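Colleague: Numbering (my numbering), first residue to last: 13 to 310.
Handing you this structure, nothing more for now.
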Amino acid sequence: MACPHLESLTLRPPTAAQSVYREDCTQCFDSIDDPAGLDVCLQCFNGGCAGERNHASLHRALWSHPLVLNIRRSRKVVVRDEPPFKMSKLAIAAESRAPSFEPNAEAVVQLEAMGFPRNRCEKALHATGNASADSAMEWLFAHMEDPDIDAPLDLGGAAAGGDTADPEKIDMLGAMGFGAPQAKKALRETAGDVERAVEWLFSHPDDQGAFDDEAAAPAAESAGPAEPAGSAAVPANFQLQSIVCHKGTSIHAGHYVAFIRQAGDHPSWVLFNDEKVVEAGEVEEMRKSAYVYFFKRV
13 MACPHLESLT LRPPTAAQSV YREDCTQCFD SIDDPAGLDV CLQCFNGGCA
63 GERNHASLHR ALWSHPLVLN IRRSRKVVVR DEPPFKMSKL AIAAESRAPS
113 FEPNAEAVVQ LEAMGFPRNR CEKALHATGN ASADSAMEWL FAHMEDPDID
163 APLDLGGAAA GGDTADPEKI DMLGAMGFGA PQAKKALRET AGDVERAVEW
213 LFSHPDDQGA FDDEAAAPAA ESAGPAEPAG SAAVPANFQL QSIVCHKGTS
263 IHAGHYVAFI RQAGDHPSWV LFNDEKVVEA GEVEEMRKSA YVYFFKRV
């Protein structure tokens, strides 16, 4: 592509070892960075093109490799003055562990239209899995004589075991063949939901359930702080207790034996070599083939 300023100039492809003028081989490319344009001399790109009537020799060496020019100028990286990024902005807030229950609004409207108070409606829907108004109505007719039927729904008390030990629910599970301890634990694990308790029991057939003395056991265990393992007393004195040795020419052959110190009035070392158990000799001889050392603090 010839320079538009040299429209009258006719350029012919030069041949090898032919002399050409510098200004004759000048071509213009529109630069994407500079509106004024970028003048590139294809034939004299190594020496620059000054427009003088000097000759330059053209040599062709590689016919299959075209000349590639990068006309995109380097751009300065713009560093914005921004405050340091804080990862705390992406932190996810801890979810509340408090139990929550949203009653079925349509079922509540239907139950209230039948004359049931709001608290009874919410209790019935919670006890029946928030399924439908019909199942909640059946539950209400079966629990009309409950002393706390008109009390507000207490999710915290249910989770803590206030409603899970309902004798009627335990009897219902007992009629299905489950023992009282199993029924108590199933109701405790499912917040008093009988249907979920049945599913839990079938999925935990080996669980013996919760007994009355199990609730006091964790409290007794946590009464006093556990004594930390180990000791920080100094000086720390250790005694060699046992040695594992390798018998063989290399790690890929042979077998392992153990030497263990036997305590008593006259401490001694005993060799354990498969079925062979005999008193060992000097410890220094054992250390020649020792592989692992075991020490005991004294």
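C-beta: ideal position from N, C-alpha, C; glycine also.
The model shown is predicted, which means the values in this text are computed figures rather than measured ones.
What's the C-alpha gap between V282 and I272?
Modeller: The residue you call residue 282 lines up with position 270 of the sequence shown. The residue you call residue 272 lines up with position 260 of the sequence shown. Those two C-alpha atoms are separated by around 5 angstroms.
Colleague: Where DSSP assigns a beta bridge to I272, which residues make up the other side?
Modeller: By 1-based counting over the sequence shown, the position of residue 272 is 260. For I272, which the question treats as bridged, DSSP gives the partners S254 and V282.
Colleague: Going by DSSP in three states, K181 sits in which element: helix, strand or coil?
Modeller: Here residue 181 refers to the residue found at position 169 when the sequence shown is read from its first residue. Looking at K181 - three-state DSSP - the assignment turns out to be helix.
Colleague: With contact counted as at least three CB pairs below 8 angstroms, one residue from each stretch, are the region 113 to 122 and the region 141 to 151 in contact?
Modeller: Verdict: yes, contact present.
Colleague: Which same chain residues end up closer than 8 angstroms to S280 when comparing Cβ atoms and leaving out the 5 residues on each side of it in sequence?
Modeller: Against the sequence shown, residue 280 aligns to sequence position 268. Contacts found: R273, Q274, E291 and A292.
Colleague: Suppose you measure from the CA of A192 to the CA of H278; what does that come to, to the nearest Å?
Modeller: Within the sequence shown, the letter at position 180 stands for residue 192. Within the sequence shown, the letter at position 266 stands for residue 278. Their Cα atoms are separated by approximately 59 angstroms.
Colleague: Please classify A248: does DSSP put it in a helix, a strand, or coil?
Modeller: Translated into the one-based positions of the sequence shown, residue 248 becomes position 236. Here A248 sits in coil by DSSP.
Colleague: Kindly indicate which three-state DSSP category V304 falls into: helix, strand or coil?
Modeller: One-based indexing of the sequence shown puts residue 304 at position 292. If DSSP states are grouped into helix, strand and coil, V304 belongs with the strands.
Colleague: Between F307 and I255, what straight-line distance do the alpha-carbon atoms span, to the nearest angstrom?
Modeller: Taking the first residue of the sequence shown as 1, we reach residue 307 at position 295. Taking the first residue of the sequence shown as 1, we reach residue 255 at position 243. Each residue's Cα considered, the two are about 9 angstroms apart.
Colleague: Is A62 buried or exposed, if buried means 16 or more other CB atoms sit within 10 Å of its CB?
Modeller: The residue given as residue 62 occupies position 50 in the sequence shown. Only weak support exists for where A62 lies, its pLDDT of 49 falling under 50; the value from the coordinates is given anyway. Exposed, because fewer than 16 other Cβ atoms sit within 10 Å of the Cβ of A62.
Colleague: Round the Cβ separation of K197 and D219 to the nearest angstrom and send it over; I've been treating them as touching at under 8 angstroms.
Modeller: Numbered from its first residue, the sequence shown carries residue 197 at position 185. Numbered from its first residue, the sequence shown carries residue 219 at position 207. Confirmed, Cβ separation roughly 7 angstroms.
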